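Numbering (the working numbering), first residue to last: 1 to 342.
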Amino acid sequence: MAKTELHETARELVAEGKGILAADESSGTIKKRFDTIGVESTEENRRAYRQMLFATPGVEEYISGVILFDETIRQKADDGTPFPELLASKGIIPGIKVDAGAKPLALAEGETVTEGLDGLRARLEEYRGLGARFAKWRATYSISDTHPSEYCIWTNAHALARYAALCQEAGIVPIVEPEVLQDGTHTIERSGFVTSRVLFALYTELFDQRVDVAGTLLKPNMVLSGYEAAERAGVDEVAEASLHAYYKHVPADVPGIVFLSGGQSDEDATAHLNAMNARGPHPWQLSFSYGRALQAPALRAWGGKPENVEAGQRAYYHRAKMNGAARTGTYAPEMEQELATA
Ligand code: 13P
1 MAKTELHETA RELVAEGKGI LAADESSGTI KKRFDTIGVE STEENRRAYR
51 QMLFATPGVE EYISGVILFD ETIRQKADDG TPFPELLASK GIIPGIKVDA
101 GAKPLALAEG ETVTEGLDGL RARLEEYRGL GARFAKWRAT YSISDTHPSE
151 YCIWTNAHAL ARYAALCQEA GIVPIVEPEV LQDGTHTIER SGFVTSRVLF
201 ALYTELFDQR VDVAGTLLKP NMVLSGYEAA ERAGVDEVAE ASLHAYYKHV
251 PADVPGIVFL SGGQSDEDAT AHLNAMNARG PHPWQLSFSY GRALQAPALR
301 AWGGKPENVE AGQRAYYHRA KMNGAARTGT YAPEMEQELA TA
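Written out as structure tokens, the structure reads:
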């Protein structure tokens, strides 16, 4: 029974034409985003910004779920409706980030391990009571000639699987997010190799720790050339290299792969997803769980001013619609003009 519910929730999150909004920036990260538009990161400003996104008319056509931060899942809209309830009333599934961030990995200079397992069982129970039906845990790995180490890869895989098992026990769908960071000068081949090692370790640990992968979603990086590489791979090469890694390492039982945008431009993130879907059908749904690539234009259009809420909502709706089109491989860059003429 519980198993069926997990499977159904996971499938609903990757329903046709829809994807996930990651709005779970921690207090430190949202401050960085607000700094770019000169807005102070107060609790009220954070609430007003998230309310703008969550209340966007019609966005539920393209958005299946929203990942919240601990503060946000407890906040309310102007009329007193708790955010999880507001989302659920639009048919959008509320989710929650439960990791406590990447911390220095002992005896591994420059590498990190994600913390947050202590007390997680009780926190999941509380979040479930607040309306969360899925969760997220992010591990990060940076690329150099010597990093990530196998020690870093396996330590993070072990923690991701422990988190996933606890989620499934609580009736919450775990999104497992192993993010190979794409900063640096590495080649796309190096990114593909590291992504493959990370996925191999992750699915080994998930299997060993008895996680039912049909009740999970994978949130990986796309395989890219480093952002500072002299020669950067184009859209087709990114699609091929990314699919190559997932075909080798992601079980067909996984219902969906929901990408992070990871610092790509909004339009690159859409074009890459589109190119992968255009090469389908695939064993899994290929969808999005973007933070920056869904929010950046909305944040700029809003600028912290109540009179700009509608402009912010239009910008967010537009990006959601473009990514909705990329879900079926029918996105074309010309469609970006729609916003200008709206
Ligand atoms: P970006 O799409 O901005 O990478 O954020 C997604 C996310 O949730 C990272 O954990």
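Just so it is clear, CB atoms sit at the ideal spot from N, CA and C, and this is done for glycine as well.
What you are looking at is a predicted structure, and each value in this text was computed from that prediction instead of being measured.
heavy atom of the ligand 13P below 7 Å from residue i C-beta
{"i": "Gly-262", "result": "yes"}
{"i": "Gly-291", "result": "yes"}
{"i": "Ala-271", "result": "no"}
{"i": "Arg-121", "result": "no"}
{"i": "Asp-35", "result": "no"}
{"i": "Arg-46", "result": "no"}
{"i": "Arg-128", "result": "no"}
{"i": "Glu-177", "result": "yes"}
{"i": "Asp-24", "result": "yes"}
{"i": "Arg-138", "result": "yes"}
Pair within 8 Å by beta-carbon distance, residue i and residue j
{"i": "Arg-50", "j": "Ala-22", "result": "no"}
{"i": "Phe-207", "j": "Ile-175", "result": "no"}
{"i": "Val-180", "j": "Ile-143", "result": "yes"}
{"i": "Gly-226", "j": "Thr-185", "result": "yes"}
{"i": "Phe-259", "j": "Pro-220", "result": "yes"}
{"i": "Ser-64", "j": "Ile-20", "result": "yes"}
{"i": "Val-223", "j": "Ile-257", "result": "no"}
{"i": "Lys-103", "j": "Glu-85", "result": "no"}
Given residue i as reference, the closest of the options once Cα atoms are compared
{"i": "Gln-285", "options": "Ala-10, Thr-4, Lys-3 and Glu-5", "result": "Ala-10"}
{"i": "Gly-95", "options": "Asp-78, Asp-212 and Gly-171", "result": "Gly-171"}
{"i": "Lys-305", "options": "Glu-12, Arg-46 and Glu-169", "result": "Arg-46"}
{"i": "Asn-156", "options": "Ala-108, His-282, Glu-40 and Ser-287", "result": "Ala-108"}
{"i": "Arg-74", "options": "Gly-131, Ala-102 and Pro-255", "result": "Gly-131"}
{"i": "Val-250", "options": "Leu-224, Thr-216, Pro-333 and Tyr-290", "result": "Thr-216"}
{"i": "Leu-87", "options": "Lys-103, Glu-60, Met-322 and Glu-5", "result": "Glu-60"}
{"i": "Gln-313", "options": "Arg-190, Glu-177, Pro-57 and Gly-17", "result": "Pro-57"}
Residue i Cβ short of 7 Å to the ligand ATP heavy atom set
{"i": "Leu-260", "result": "The ligand ATP is not part of the structure shown, which contains the ligand 13P as its ligands."}
Quiz item: Counting pairs of Cβ atoms below 8 Å between the stretch 222 to 235 and the stretch 266 to 279, do you hit three or more?
Solution: yes
Self-check item: Residue ranges of each alpha helix (DSSP H) within the stretch 57 to 114, 4 or longer
Solution: 70 to 73 and 83 to 89
Exercise. Evaluate contact between the stretch 208 to 218 and the stretch 156 to 163, counting only Cβ atoms and requiring at least three cross-stretch pairs below 8 Å.
Key: yes
Exercise. For the stretch 214 to 280, list the beta strand (DSSP E) runs that are entirely contained and at least 3 residues long, ordered along the chain.
Key: 256 to 259
Practice problem: Assess, as a yes-or-no matter, whether the stretch 51 to 68 is touched by the stretch 294 to 314 under the definition of 3 or more beta carbon pairs within less than 8 Å. | Solution: yes
Quiz item: Hey, which unbroken runs of the alpha helix (DSSP H) at 4 residues or more fall wholly within the stretch 274 to 329?
Solution: 292 to 302 and 309 to 326
Quiz item: Contact between the stretch 27 to 45 and the stretch 108 to 117: three or more CB pairs below 8 Å?
Solution: no
Exercise. Would you mind listing the alpha helix (DSSP H) stretches within the stretch 179 to 220 that are 4+ residues and don't spill past its ends, in chain order?
Key: 188 to 208
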